[in-house]
Structure formats: structure tokens, C-alpha cells
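Okay, structure first, notes after.
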Amino acid sequence: MGKEHVDLTKPVIEMRNIVKKFGHFTANDGINLTVHKGEIHAILGENGAGKSTLMNQLYGLIKPTSGDILVHGQKIEMNNPRDAIKAGIGMVHQHFMLVQPFTVTENIVLGTEPVKGVALDMAAARQNVLDISKQYGLSIDPDARIEDISVGMQQRVEILKALYRGADILILDEPTSSLTPQEILELIQIMHKLTADGKSIILITHKLKEIKESADFCTIIRLGKYIDTVDVEQVTESDLANLMVGRNVTFKVDKPEMEPGEVVLEVKDLHAKDYRGVEILKGLNLKVRRGEIVGIAGIDGNGQTELVEIITGLKKGTAGEVLVGGVSVYNKPPRFGFEHGVSSIPADRQKHGLVLAHSVEDNLILQNYKRDPYAKGGILQRKPIFAHAEEAVKKFDIRPGGSEKRAAGTLSGGNQQKVIIAREVYNDKDLLIAVNPTRGLDVGAIEYVHAYLVEQRNKGKAILLVSFELDEIMSLSDVIEVIFDGQLVSRVPGKEADEKQLGLMMAGGDKA
Amino acid sequence: MKQKRSVVEIISTMRFLHILLAILIGFLIGAGFLAIMGISVGDAYGKLLDSVTTVKGLSYVVVYATPYILTGLSVAFSFKTGVFNIGAEGQFVVGSMAAAVTGILLGNLPKPLLIPLCFLAAMLAGAVWGIIVGFLKTKWGINEVLAMIMFNWIAFYLSNYIAGLPGIKNTGTAEATQTISENARTLLSKSTIADLGLAPTANWGILMALGAMLLVWFIIDKTTLGYELKAVGSNKFAAEYGGIGVNKSILTALAISGALAGLGGALQVMGMGGRISIFSSQEGFGFGGIVVALIGCSNPFGALAAGLFYGALTYGGSKLNLVGAPTQLISVIIGTVVFFIAISVVLERLGGGLRARKNVINREDAEKAPAGGPQKESSKEGDAQ
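Structure, rendered in C-alpha cells:
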């Protein structure tokens, strides 16, 4: 990738020696950042490294304790986001700020609507939106409602919103965290188109692959400290990972050869309808054995969510059979499945995985609160509950340390996931289902989750992994099953998997 | 650890201060109204204070407060478990009628048998009233708030109907039930009342209220049942995932909540009332319970304190006309208190956006802050490079 768009003589953003303290804690400790015209500059760091703090200062959400911010060479004091917008800075947040029932046009012009007299001039607004979308090659339907369009499209709307307000410096905060692989490719193309047009982009991320694919330069922050700014062409992904984490990160999961044992999970000719009443599982068959990780690869919406919900008892199927250790758990309540060997790391950790308002210690016994030693005669036994939590917090490195009594909702995503993993590992069931277990986690946490999944496999558990991250499926699975349109269409040994071929099969193109 | 505790402390004191502040504002605004009407604030508030600080006055406060503590506990319990029991009014009414009917029809039973029987009947009636609504909700998804408001009226008319039935209705001219059997009353003995100079309706119902309070606290904080109910209340999806029966929990929560309100009804009729009138409008014990739960922060001990406060205002307020001040002043004060407590919640929510953002930042930071053991281990690793 060339840097023909980058004009190194024109710095658009300079952040000099930025220090931000919260009480005794220093979140940013002397950080420097220079972004040039036409440049994609990635900011890389683990969760909690201080990336968001830095960007929030650039966008006027918080003020630096010391240090200067220069935009186009001019020192600027950012008191609020309005100042930032005036200076030409636009931010696309990780969680979109869109009005769901409004149309694309209405969302883009919101707050700066063109008027005719006292009336809104929606025709002009629509034309403006069409113009700007044509100018940057970001095609959208100006009349579609936000609630009806895909996440990728919503992100496009957010980008257009910023451009519409005259932004020439865009901050994208974890822009790919909820996108499908295809949408990610499109976003990268869009970013290149924008920089070709003279815009600059700051990309906050912890996904190394995307940095390699899109960014020109990358600034690494670790524990609030400036580590380095590197030319992305000159470094490898593992260089980046090492800089970020501060130690050597192995991407390859160490997985000893294992002969799979007896079948633990058997799904036979499973049918189900989705919430609209449309048939989403169309006769699915699946087996998972002891000591193997079976990965389900597929594009979201092909039935993988429903498959997992039926196995875990959260949803009812219309026909078929689900056996766990020979016992039918089909259309039985969740507790029945749990008692017969099903445990799971749910896709939505905040909705299904945790009671956020409850303490970590209480969340750690979500399925076992009635059991000895945590309860005796219906009375909760606080001492063993706490002791259990103390052990889990230590063993699973749940941070901050000593968070047994903290509400689970106050932990970061990665640590919330650790609470769930700790719980399911302690549950020690024959079958472990993990759905997108590393979504939104940073490299360090991902490595950790992967290691645990493999460890469980090595202990002889049967593991069903459902993930939208192909890399994850490929590096962990002993067997990859491709799901398409409610059925498993291909079965590929993990070692022989090829990303392109899998992608094709996921799209229903090629049956192996 | 130290940091964590202080945060909890700060939040709980802040909540407490909010409520004290709301109460203060309530009295200030009440004073404003008095001033506008040209009534001496000192006289009115003086009377209010005087009337509740004598032994007799205090005994009245306790008598007045007892049913409100129960309905307050009922609503507080429902808040904790994620349902909003606006139906405490109806549960209270059916509870008091069940106790009254038992106390009238089985009036010949001995006291030690009859009184528990009355309590049981009342709690059962209240629980059933709660369960019906819960059933409508879990079976057909009918909104429990709407259903409860309607069930409050059903209870009201049902009570009036039963009060007019032959065998229950007063044989004299009063539009009320007969007075329940002496054996069903919880009044203190006449000599005790005379010796101590207590209110003539002084009764030991408050002990039941205290017992209920401890029970509620115990269930919520100490039992697996409380764990289930709270989990369903704060995240029914995670509870379901964890194998907790969500519908069963909602029914249980409503049954317990209803039983508490029903018990409140029994204590009212067996203590202070003695009989149930045919009413022309709802008495408001259940609605008062919502106020009590709100002032008491949905906490059982808070409900006791708030119930006593509510009882004091209600009793003291009834004496206000002696100094020419309108009794309605009390409604002004209570209304204002509720208003400002509600506002503090709204303000917290409004400020929440800003705070949430800061929290996210602080949370990220906190994780890297040297706070605990395991962390140090990992940062050692981190420095190894």
C-alpha cells in the first residue's frame, strides 16, 4: 500500500505531550500524536490503555491536564465537541448516535436542517445528502429508515453525518467491532477513498489485521504511555501486538493433536422458525465429540444463533432432536440442559451472560446459587460464595483485583467475559458452547480466551464454537462446519481450511 | 478495597441526603402555603410536632403507621424484584376484608387460634390478588400496572359488596360490616392502655410489621429465593439463561408482595378499625405504600422509617385544624417530598449521560490502576519486554 495520499508537509492534528489525570491516576502520560493530510493513522492499545481518553480530549469531551492540541498548526482549546466540529473534526462513535425511526436524510441533516422560511426544506436536504454521498462515493438510500438498514449502512450514515458537517479529520472509534467481514472490506475501501480526497482519518482499534490493511502510520499506547509511532508498512502484525501488549504474543494457539472421543452433542434434523415465523433451521445435523472444537463458520442470520439457543434451552425448535450425552435436551428449559452437561458462553454477555446489577461473586454462581456450599436450606452462604469469587478473580485475573463485591456492570467488556468464562469453567460440563467469545476484546484478552477454550478441549470437553471471526474459527477448530441457510453445508478439517474457500462456502457458493 | 467501600458509602449517604433534602423542601413549601394563607408557620408546625411527641401521640403514630409500613414493604419488595406493585391498594383491601370476614364468622374461636387464622386469610387473599395479575402478565403478557389498577377497583367494589351482605353487614344503621370479634382484635389490654396513657386503639400490630420487615430483609438479602427474584428483576434474560424460572419468579414476587399488603389490611382492621365501612372512594393505604417505599429507598428498614414518618404526618395532620391550619397541608408536604425524590432520580438520569461517559473513562483507567494483587502479576509480565 503506498502513501501517495499522505502529505507529510501538512500536519492536520498535533497533540503534544498530552497528560490527563483523573485524581491520582494518570490516564495519558505524555502522549504525542501527529496526523497528516490524507493519512490514516491508527491508534493501537489494549482496553484501558488510554486510547479513548486521548480521543475524547481531541473531540472536546474532556480537557487535558496539560499539553497542547494543534489543528492545522493552530493551537486550539477544545471546550466541547462543538469546538471540535468547528475545527473540522468529526467522530464516529463505536455505538452509533442515530435516531432509529428517522430516515437517512433526516439523521444526516439533524441539527443543521436546511429551511425554507420557517419550514424544513426536506427536498433540499435530500439533495444535499445525495450530493455528498456521490462526492465521496458512499452510496446510500436517503429515504431508508435507520431501523431498516444494516449496521454497515448505519456506519456509512454516521460518516456522512460527520462529512456533512464539514469534517476533514475523522475519528473512527472501533469502527469494525460490529461489522461483518464483507462490511469491513467496504469500510476500508471507503477510508481509502476519503484519504484520496484529502481527508485524514484517526482509527482507534485493537485489530491488527485492519491496521495492516488500512493504516499508514500507527501510534501505540500502553498503560497510558506513548510507546511509539511506526510506519505500518515496516512492521508485521506480531510486531504491533508485541508493542501493544509489551510482551511476545503468540497468535498460533498451541494445540496438541488429539483423537476425539465419544459424541457428546448430537443434533438431528433440527428445524426452527425465527421470531418472524420464517423457517431458519432447515434440518440441521451436527455432532461434537469429546476433545474436539467444532467451529461453526457462517454469516450472521444463517441460523447459528437459533441453533445455540435451542441447545441451551432458550428457544424452542419445531422439529428434530438434540442429545447431550445421550439425553434429549430438546425443547427443555435451560436448567435441564445445564444439569445434563450443557454450559455456554453466550453471544450477548450483557444480556444473557451476566446480571450487571449483581456483584461479581453473585454472577459467578448464576446456575449454582442453590447448591451446596453456596446455599444451605435455601439460605445463601456468603463466606463460601466470597471465597469462590476470590479464587476465581485471582485465577482468571479479573480486573481490577478485589472486585468480588463490585457490580459486574462496572467491569470492562474483557473482564465481564472473564467472569463468564470463569463461571463456565468451574461449572465443568461436558459440553461448552462459545458464541463470539472474543467479540470486542483486545489481543491480550483474546489470547487468554483462546487458551482457555483449548485447555477445556484438552481436558476432554466437547466444544462448539460459533464465531463471525473467521480467523478465530480457523485457528481454534479441529473441524469447521459451514452453516448456510439453516443447514450445515460443508465440513472441513481445521488444518485444511482456507479463508477464501470458507468465505465462498459461507456465501453459499461452493459446497465441499 | 478501601476505595470501593467509600464509593458505596458516598452513594448511600447521597441517597439518604437527597431524601432528607426532599423532606426539608416539602416542609419549606408547606410553610410557604401557610404564609400565603396567613397562618402562623410556627403554630402549625409546632402543633404538628407537639401532637406526635407525647406518649399518646407516639402511640397514635405507631397505630397510624403500621398498615403503611406493610404496604410500604410490599411495594419495596416488588421494586427489588423488578415488578411494580401498584396493586398494593387492592391487595390491602381484600386482605382486610378476608381478615374481617374471618373475624366475624369465626368469632367464637379462641384468640390464639382466631388471630393467626385472620392473618393467614388476609395474606392468602392478598397473595391471590397479586398472583392473578402475575398470571395475566406471564400467560398473556398483559401489562401488570394496568391490570393492577383495575384490580384495585375490583377489590374496592368487592369489599363494598361483601360489607353489605347479610351476616356480615352491621345490624344497626352504620354502612359498614359488623365489628369483628374481640377474639380477633390485636388491641393492647384496656389496663395497659390506661396505665401508659396510650391511644385507645393502641395495638401490637407493629410487632407484626417489624417481623415482616425482618423477613423481607432476610428473603431479599440472605436466601436463594431473594437471589432468584432479584436476578429476574434486574435481568430476566440472564436469569433465564442461568436456569431460573422467570415466570415462576414473577408469580412468587407478586404473591409475597400481595401477602404483605394483605397482612397490612388485616393489621388495620384487627387493630385500629375493628370493622370495614362501605367506602365511596379508595382509602389509599396501598398508594401510601408507594410513597413509603419511595421515601424508604425500597429498603425494608427504610420502609419502617418512612412508614413511621408517614404515620406521624397523617396523625399530626389530623390535629392541624385545631390551630386553624388545613389538614390538606399534609398532602402538600407529602406531594412535594415525593416530587423532589422523583426529581432527584430524574436529575441523576439526566446527569447520567455525562457521568456514564466519565465512568467509562474512569473504568478503563481503574483497571490499569494499581489496585489489587493479580494485577501486579500481570504488569510484571507487561514490563518484561
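For the protein sequence lines, the chains are S and R, in the order given. Under the working numbering, residue 512 is the last one in the first sequence; the count climbs by one each step, no gaps. Under the working numbering, residue 1385 is the last one in the second sequence; the count climbs by one each step, no gaps. Every residue gets a Cβ at the ideal spot worked out from N, C-alpha and C, and that includes glycine.
Assignment of N17(S) by DSSP, reduced to helix, strand and coil, places it in the strand class. When CB distances to chain R are screened at a threshold of 9 Å, the residues of the region 323-343 of chain S falling below it are P333, P334, R335, F336, G337, F338, E339, in chain order. Beta-bridge partners of T34(S) (DSSP): E14(S).
Burial state of M97(S) is exposed, judged by a 10 Å Cβ sphere holding fewer than 16 other Cβ atoms. Residues of chain S whose Cβ lies closer than 8 Å to the Cβ of G1262(R) do not exist; the shortest such Cβ separation is about 23 Å. Of all alpha-carbon atoms in G414(S), A422(S), N436(S), the one lying nearest the alpha-carbon of V443(S) is that of G414(S). Counting the other Cβ atoms within 10 Å of the Cβ of V99(S) gives fewer than 16, which makes it exposed. A check of alpha carbon separations from G325(S) across P334(S), L265(S), L364(S), A297(S) identifies L265(S) as the nearest.
Between the C-alpha atoms of I188(S) and L502(S) there is a straight-line separation of about 21 Å. In the DSSP assignment, the residues bridged to C218(S) are A42(S), V230(S). Membership of R423(S) in the alpha helix (DSSP H) is indicated by the continuous run 413-427. Nearest to Y1161(R) by alpha-carbon distance, out of T1186(R), N1143(R), S1277(R), E1089(R), is S1277(R). N1235(R) reaches chain S at Q350, K351, H352, L354, V355, L356, A357, H358, counting residues in chain order whose Cβ is nearer than 9 Å. Around the beta-carbon of R1185(R), 16 or more other beta-carbon atoms lie within 10 Å, marking it buried. The residues V1232, G1233, S1234, in chain order, have a CB closer than 7 Å to that of G1082(R) in the same chain once the five nearest residues on each side in sequence are set aside. In this structure, the beta-carbon distance from Q94(S) to D29(S) does not fall below 8 Å. Identification of chain R residues near Q367(S) by a Cβ-Cβ cut-off of 8 Å yields G1242, G1243, ordered along the chain. Interface flag for A1076(R) against chain S is unset, since no Cβ pair is found closer than 8 Å. For the pair G291(S) and G460(S), the CB atoms are nearer than the 8 Å cut-off. Straight through space, the alpha carbons of N1108(R) and A1099(R) are spaced by roughly 14 Å.
If only complete runs of 3 or more residues are kept, the region 48-96 of chain S shows the beta strand (DSSP E) at 66-71, 89-92, in order along the chain.
Chain R places a beta carbon closer than 8 Å to that of P346(S), counting this residue as a contact. If you ignore the 5 residues before and after V104(S), its C-beta comes within less than 6 Å of the C-beta of I140, P142, A144, V157, all in its own chain and listed in chain order.
With a threshold of 8 Å between beta carbons, T1224(R) makes contact with chain S.
Listed along chain R, the residues sitting closer than 9 Å to D362(S) by beta-carbon distance are Y1227, K1230, A1231. Nearest CB-CB separation between G413(S) and chain R: not below the 8 Å threshold. C-alpha of P1300(R) to C-alpha of A1238(R): approximately 26 Å in a straight line.
For K282(S), the enclosing beta strand (DSSP E) starts and ends at 279-289. Bounds of any beta strand (DSSP E) do not take in L366(S), whose DSSP letter is neither H nor E. Per the coordinates, the alpha-carbon of K429(S) lies some 5 Å from the alpha-carbon of G341(S).
Contact of A1255(R) with chain S is not assigned, every C-beta pair being separated by 8 Å or more. With respect to the 8 Å criterion, A1022(R) and I1341(R) are classified as neighbours on the basis of their beta carbons. Looking at V1332(R), G1172(R), V1145(R), the one whose alpha-carbon comes closest to that of V1075(R) is V1145(R).
About 11 Å separates the beta carbon of V1291(R) from that of A1303(R), a gap too long to meet the 8 Å contact definition.
Chain order gives the chain R residues near A375(S) as T1223, T1224, Y1227, where near means a beta carbon separation below 9 Å.
Relative to the Cα of L194(S), the nearest Cα in the group V449(S), I184(S), D168(S) belongs to D168(S).
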